[in-house]
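The numbering used here runs 9 ahead of the 1-based position in the sequence shown.
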Amino acid sequence: MYPITSLLLLLGAHLVSSAAVNLAPLRHPHHDPVHHGLRVISKVAIEGITSHHSLSPADKAATTACIDTSLSYPRWEITNMVFTVVNYSQAYTIGDVAFTAHNPSINLSTNCWAEDIELSGSSDAWHSCTVPGTDFQFRLGTYDLKMRGSWDCGENDVRAMQFKAGGVGNTAGIRRCDDFPYEARGWETRCIMDDSAVAAGLSSPVAIEPQQPLLPEIPEGRARSCTDRSATPAWDIVGFEAKSDGVLKINVTNLSNDQGLSCETKLDSKSKWVDCVDANSKDIVSTGLMFDGEHGILGIKQTWKCPTENYWGSSVGPYTGIAYLTTPQLKCTACSLAESTTLRGYINGGPGIPHTSYVRSCTLNSFNSTSIILKDYDITSNKVGTFSLYNQGSGDIYKIAGVTVSDDGAWHDCNPSEALPWQLDGCQYSLDAAHEKLGFRVKWDCDDRDPLHPIIFSAEASASLPEPECATDSCGLAKDSKGVELAISSLTWASSKKPMEKGPLLPWI
Numbered sequence: 010m011y012p013i014t015s016l017l018l019l020l021g022a023h024l025v026s027s028a029a030v031n032l033a034p035l036r037h038p039h040h041d042p043v044h045h046g047l048r049v050i051s052k053v054a055i056e057g058i059t060s061h062h063s064l065s066p067a068d069k070a071a072t073t074a075c076i077d078t079s080l081s082y083p084r085w086e087i088t089n090m091v092f093t094v095v096n097y098s099q100a101y102t103i104g105d106v107a108f109t110a111h112n113p114s115i116n117l118s119t120n121c122w123a124e125d126i127e128l129s130g131s132s133d134a135w136h137s138c139t140v141p142g143t144d145f146q147f148r149l150g151t152y153d154l155k156m157r158g159s160w161d162c163g164e165n166d167v168r169a170m171q172f173k174a175g176g177v178g179n180t181a182g183i184r185r186c187d188d189f190p191y192e193a194r195g196w197e198t199r200c201i202m203d204d205s206a207v208a209a210g211l212s213s214p215v216a217i218e219p220q221q222p223l224l225p226e227i228p229e230g231r232a233r234s235c236t237d238r239s240a241t242p243a244w245d246i247v248g249f250e251a252k253s254d255g256v257l258k259i260n261v262t263n264l265s266n267d268q269g270l271s272c273e274t275k276l277d278s279k280s281k282w283v284d285c286v287d288a289n290s291k292d293i294v295s296t297g298l299m300f301d302g303e304h305g306i307l308g309i310k311q312t313w314k315c316p317t318e319n320y321w322g323s324s325v326g327p328y329t330g331i332a333y334l335t336t337p338q339l340k341c342t343a344c345s346l347a348e349s350t351t352l353r354g355y356i357n358g359g360p361g362i363p364h365t366s367y368v369r370s371c372t373l374n375s376f377n378s379t380s381i382i383l384k385d386y387d388i389t390s391n392k393v394g395t396f397s398l399y400n401q402g403s404g405d406i407y408k409i410a411g412v413t414v415s416d417d418g419a420w421h422d423c424n425p426s427e428a429l430p431w432q433l434d435g436c437q438y439s440l441d442a443a444h445e446k447l448g449f450r451v452k453w454d455c456d457d458r459d460p461l462h463p464i465i466f467s468a469e470a471s472a473s474l475p476e477p478e479c480a481t482d483s484c485g486l487a488k489d490s491k492g493v494e495l496a497i498s499s500l501t502w503a504s505s506k507k508p509m510e511k512g513p514l515l516p517w518i
């Protein structure tokens, strides 16, 4: 067994000190960042880490819940809303508004009201609520309620964040209105509104529009015409088969025009979608198939026409729709679905589909993560290293092989002998023999909360290495090691204007 210092002098290992170091930029090939955020754990904040670990489970859970709700569904729940208009029959638009707004992220309600204000929407004035930093506008006619505000998550927690958000909601549900003709101001019309919610987009700590899972609409019954049915497209599939060589077989019936097709095609490593052609289906313009056996997902993308539904006797359309089926039965290399299955879909391409899991959220876990796990490493005597890292934020394991290790105490690009794992947008390492420490800077994307504006995360993490276990010409972690926790000392993030262009399509799984 080599002493750790001797080993590191031979093999090299480096970690920055506990003082904060801003991340050197890692080039991102796909995205144009439009908003940036930063969490740096300095020497002072390192004491906060101890405080974080000593926080009660309830306090930790409260921070996590606050961050999760803020990033998933930021909103104000509106109750007890009443507005009053003076001399409305004379086209006057002066009046009062009052309501209660509850912010579920911090479980806090605020009272909001304003008197003798312009309700037509011609004024840009904001009106304050009782909770500082929360404001509103109300527009008569459309009954739009606009909210903006800020709140904090995680007092005394290293994950502490301030959120800023704003949004507009429609409160058109009027419960009842009453007239009071002899008031001092004139004829007052007072209306009580139904409860509602104002969904918000975030401007800080990152600029995104959090999106709830958008599932296909299911009509109450079967519409009579193809054109009406095309508004909520659906397909029946039967006899689906995926073979180990990538060949797919399927029978598909479009339930909008009742046209069926049978095809056999083969997966293409260069494209998520492959063409599915049946020359006998004249009202089917094109069909694409997507199959992901790792995640158990089958996708259908089709363009079609509705036959002979107008005065001239010609077809109507084309229409384009898309649908996904997610089932454990399809988690396979070779498998089949014998029974008939109906896929409900979206018209005109539907919503943006995330590339990272909504359920096991890359976004939420990345913001809440405080470490990256070094699962294993192996460095040869000629200083070529292989590293296995588990990113607790994204949930990915990165195997980075063939890295030429330098022990000069500087940051270096990983430059592995093979391409970086697709989940990584950048990787740097640092090795310090004198201090027996190892550090990594890694960069990754999350789009599960807003597929149109992915968040680009960069983290710097480091730790001291334990006593290694060595073979004839290489050393690494002991076989019984559970890994080394590399504490994240700096986390940065930026939102992007461009959707992700890599990774699987994961429709709300």
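C-beta: ideal position from N, C-alpha, C; glycine also.
Report yes if the C-beta distance between Leu495 and Ser380 is below 9 Å; otherwise report no. Between Leu495 and Ser380, the gap from beta carbon to beta carbon is short of 9 Å.
Closest by CA to Val140, which one among Lys275, Asp161 and Ile227? The shortest C-alpha separation from Val140 is found at Asp161.
Measure the C-alpha to C-alpha separation of Lys392 and Lys507 and round it to an integer number of angstroms. Going by the C-alpha atoms only, they are around 39 Å apart.
Kindly indicate which three-state DSSP category Lys452 falls into: helix, strand or coil? In the three-state scheme derived from DSSP, where H, G and I count as helix and E and B as strand, Lys452 is classed as strand.
Cβ atoms of Arg168 and Thr241: under 9 Å apart, would you say? No, Cβ-Cβ distance for Thr241 and Arg168 is not below 9 Å.
By DSSP, does Gln437 sit in helix, in strand, or in coil? Correct three-state label for Gln437: strand.
Cβ-based burial, Cys221 [other Cβ within 10 Å; buried from 16]: Cys is not the amino acid found at residue 221; the sequence shown has Gln there. Under a 10 Å Cβ-count criterion, Gln221 is classified as exposed, with fewer than 16 other Cβ atoms of the shown protein chains found around its own Cβ.
Among Leu440, Ile246, Phe300 and Val368, which one has its Cα closest to the Cα of Glu348? Looking from the CA of Glu348, the closest CA among Leu440, Ile246, Phe300 and Val368 belongs to Ile246.
Thinking just about the alpha-carbon of each residue, which of Cys423, Gly176 and Lys279 is nearest to the one in Lys511? Selected option, being the one with the closest Cα: Lys279.
Give the single residue among Ser426, Asn120 and Gln268 whose Cα lies nearest to the Cα of Ser295. If we check each option's Cα against that of Ser295, Gln268 comes out closest.
When we look at the beta-carbon of Leu224 and count the other beta-carbons within 10 Å, is it buried (16 or more) or exposed? With fewer than 16 other Cβ atoms within 10 Å, it is exposed.
Give me the residue from Asp454, Asp459 and Ile406 with the minimum Cα distance to Thr501. Looking at the Cα atoms, Asp454 is the closest of the given residues.
Throw me the rounded Cβ distance for the Asn357 and Gly402 pair, which I believe falls under 8 Å. The Cβ separation is near 34 Å, so there is no contact.
In chain order, what residues of the same chain have a beta carbon less than 6 Å from the beta carbon of Asp105, not counting five sequence neighbours either side? Once the five neighbours on either side are set aside, the close Cβ partners of Asp105 are Thr93 and Glu124.
Nearest to Leu80 by alpha carbon, out of Ile87, Glu218 and Tyr333? The shortest C-alpha separation from Leu80 is found at Glu218.
Contact check, Leu429 vs Tyr399, beta carbons under 9 Å: Between Leu429 and Tyr399, the gap from beta carbon to beta carbon reaches 9 Å or more.
Between the CA atoms of Phe147 and Asp456 - distance to the nearest angstrom: Rounded to the nearest angstrom, the two C-alpha atoms are 32 Å apart.
Return the chain-ordered list of same chain residues with a C-beta closer than 6 Å to the C-beta of Glu86, the five sequence neighbours on each side being excluded. Excluding residues within five positions, the ones whose Cβ falls inside 6 Å are His111 and Ala206.
Does the segment 366 to 373 come close enough to the segment 330 to 344 to have 3 or more Cβ pairs within less than 8 Å? Too few Cβ pairs lie closer than 8 Å, so no.
Could you check how far apart the C-beta atoms of Trp313 and Asp292 are, in whole angstroms? I think they sit under 8 Å. Between Trp313 and Asp292, the beta carbon gap of about 6 Å places them in contact (Cβ cut-off 8 Å).
Could you say which of Val95, Ile126 and Ser114 lies nearest to Glu192 if we only look at CA atoms? Looking at Val95, Ile126 and Ser114, the one whose alpha-carbon comes closest to that of Glu192 is Val95.
Distance, Cα to Cα, Pro463 vs Asp144? Each residue's Cα considered, the two are about 28 Å apart.
Enumerate in chain order the residues of its own chain whose CB-to-CB distance from Val493 is below 6 Å, with the five nearest sequence positions on each side excluded. Here the set comprises Leu383 and Ala472.
Mark Lys491 as exposed unless 16 or more other C-beta atoms lie within 10 angstroms of its C-beta, in which case mark it buried. Looking at its Cβ environment, which holds fewer than 16 other Cβ atoms inside 10 Å, Lys491 is exposed.
Going straight from the alpha carbon of Gly248 to that of Asn260, what length do you get? If you take the alpha carbons of Gly248 and Asn260, they lie about 6 Å apart.
Separation of Asp187 from Gly195, as counted between CA atoms: One C-alpha to the other measures close to 14 Å.
Provide the residue(s) that pair with Ser137 in DSSP beta bridges, ordered along the chain. Ser137 has Asp144 as its beta-bridge partners, per DSSP.
Three-state class that DSSP yields for Cys200 in the structure shown: If DSSP states are grouped into helix, strand and coil, Cys200 belongs with the strands.
Asp441, buried or exposed, once every other Cβ within 10 Å from all chains shown has been counted against 16: So Asp441 counts as buried.
Using three-state DSSP, classify Asn374 as helix, strand or coil. DSSP places Asn374 in helix when its eight states are reduced to three.
Using only the alpha-carbon positions, how far apart do Thr389 and Cys484 sit? If I take the Cα positions, the gap works out to 7 Å.
Return the Cβ separation of Phe449 and Ala419 in integer angstroms, given the expectation that the two are a contact with Cβ distance under 8 Å. The beta-carbon separation of Phe449 and Ala419, rounded to 14 Å, does not stay under the 8 Å limit for a contact.
State the Cα-Cα distance for the pair Ser498 and Ala468, rounded to the nearest angstrom. Cα-Cα distance, rounded: 8 Å.
Tyr101 by DSSP, collapsed to three states: which one? In the structure shown, Tyr101 sits in coil (DSSP, three-state: anything other than H, G, I, E or B).
With 16 other Cβ atoms within 10 Å as the buried cut-off, status of Trp244: Buried: at least 16 other Cβ atoms inside 10 Å.
Whose C-beta lies closer than 7 Å to the C-beta of Lys281 among residues of the same chain, with five residues either side of it excluded? Excluding residues within five positions, the ones whose Cβ falls inside 7 Å are Met299 and Leu514.
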